[in-house]
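> Chains as they are written, first to last, in our numbering: chain A, -3 to 147; chain B, 5 to 181.
We treat Cβ as the ideally placed atom computed from N, Cα and C, and that holds for glycine.
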């Protein structure tokens, strides 16, 4: 008979230490203990879709990693086109909204140490990397391929 | 007592099992998004509804919207697909073999249910009138029984309509001589 999943196992499975490359380079190995984020929570942090985005192809669980990446690239290109069509002030506001998604992800997921959105700004360059690690750990972002020619 | 199922899942590469209870139709459809538009708002509403279904159904381990993401996106999707297949919501996926267990009803199942979403109201009222029940009794049916009955009813209504259309066409043909 298959063993029942316990709450302790679920909690342990949902947590991980993520490294902070820049801080680790300056201070020695530094990590943050994080929890996974659900797709609904992550989606609620994103700025509103550009007009007409409902017609763009969607990334689905049934897609292969390659299809997901191609769809992701298509959506990113359309988003870029939309961004470039905006007035400078609106463009800046939208970019700020996207940057703050990383800080919101960190504030939501960091367990030890905890961060507010404002405190997460102190992570500097590590903020985007940490947010990406959390999203990959949560299964919401396909890990970036290893650079060509690397060991 | 209500029906529960032991569903298989893989967590951290390890085979594990979780106990889910069969929700009533009212609990299942709580927060169900009506729209099918491919917008972020509708995707968000659908994800929240799916999370709600799992949080209401999982009894061992008990999860909340805060602890459910611990499963990871893949295990959550697999568990949801299995649950939808077992109760008959998702007919494209074959239901996994499950062990059935008896569970006590949750207090939520006994409280006054919320009204059905607009797209399911006709199914509730028609089922109730066809089988001589109050709509609330139908709405409190286990979701698998409700979906089975509603599908059967829709099929028989479609057959009735097709038979009426055939009879009308024959009558018109006879009238034309």
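Smallest Cα separation from residue 154 of chain B: which of B/13, B/29 and B/11?
Comparing Cα positions, the closest option is B/29.
> Which residues in the same chain as residue 121 of chain A place their Cβ atom closer than 6 Å to its Cβ, once the five residues preceding and following it in sequence are excluded?
So the list reads 18, once near-sequence residues are dropped.
> Count the C-beta pairs between the stretch 100 to 109 of chain A and the stretch 45 to 53 of chain A that are closer than 8 Å, then say yes if the count reaches three, no if not.
These segments do not touch.
> Which same chain residues, not among the five before or five after residue 131 of chain A, have their C-beta less than 8 Å away from its C-beta?
Answer for residue 131 of chain A: 33, 38, 101 and 137, listed in chain order.
> From which residue to which residue does the alpha helix (DSSP H) around residue 116 of chain A run?
From DSSP, the alpha helix (DSSP H) with residue 116 of chain A extends over 113 to 116.
> Could you work out which residue in A/126, A/95 and A/3 is closest to residue 42 of chain A when comparing CA atoms only?
The shortest Cα separation from residue 42 of chain A among A/126, A/95 and A/3 belongs to A/95.
> Applying the criterion that 16 or more other CB atoms from any shown protein chain within 10 Å of the CB defines a buried residue, is residue 20 of chain B buried or exposed?
Answer is buried; the Cβ neighbour count reaches 16.
> Using 8 Å as the cut-off, can you tell me whether the stretch 69 to 77 of chain A makes contact with the stretch 16 to 30 of chain A, which would need three or more C-beta pairs spanning the two stretches below that distance?
Result no; under three Cβ-Cβ pairs closer than 8 Å.
> Can you check whether the C-beta of residue 102 of chain A is within less than 9 Å of a C-beta belonging to chain B?
It does not: the Cβ of residue 102 of chain A has no partner Cβ on chain B nearer than 9 Å.
> Between B/161, B/115, B/84 and B/107, which has its C-alpha nearest residue 100 of chain B's C-alpha?
Ranking the options by Cα distance to residue 100 of chain B, first place goes to B/84.
> Provide the residue span of the alpha helix (DSSP H) that contains residue 83 of chain B, from first to last.
Start and end: 77 to 91.
> Is the beta carbon of residue 50 of chain B closer than 9 Å to that of residue 34 of chain B?
Not closer than 9 Å, so no.
> Given residue 91 of chain B, which residues of its chain have a CB within under 6 Å of its CB, disregarding the five upstream and five downstream residues?
So the qualifying residues of the chain are 147 and 148.
> May I ask which residues mark the beginning and end of the beta strand (DSSP E) holding residue 31 of chain A?
From DSSP, the beta strand (DSSP E) with residue 31 of chain A extends over 27 to 31.
> How would you list, in chain order, the residues of chain B whose beta-carbon sits under 7 Å from the beta-carbon of residue 36 of chain A?
Residues of chain B passing the Cβ test: 48, 51, 52 and 55.
> Would you call residue 129 of chain A buried or exposed, if buried means 16 or more other Cβ atoms sit within 10 Å of its Cβ?
So residue 129 of chain A ends up on the buried side.
> Quick one: list the residues of chain A neighbouring residue 20 of chain B, beta-carbon separation under 8 Å, in chain order.
Going along chain A in sequence order, the residues near residue 20 of chain B (Cβ under 8 Å) are -2, -1, 0, 1 and 5.
> If you reduce the DSSP assignment to three classes, tell me which class residue 146 of chain B lands in.
Strand.
> Please tell me whether residue 42 of chain B has its Cβ less than 9 Å away from any Cβ of chain A.
Taking Cβ atoms only, chain A reaches closer than 9 Å to residue 42 of chain B, which makes this a yes.
> For residue 163 of chain B and residue 118 of chain B, what's the separation of their Cα atoms in angstroms?
Using only the alpha carbons, I get a separation of about 31 Å.
> Short of 8 Å in beta carbon distance, which residues of its chain neighbour residue 157 of chain B, apart from the five on each side in sequence? Order them along the chain.
Cβ within range, chain order: 127, 130, 131 and 134.
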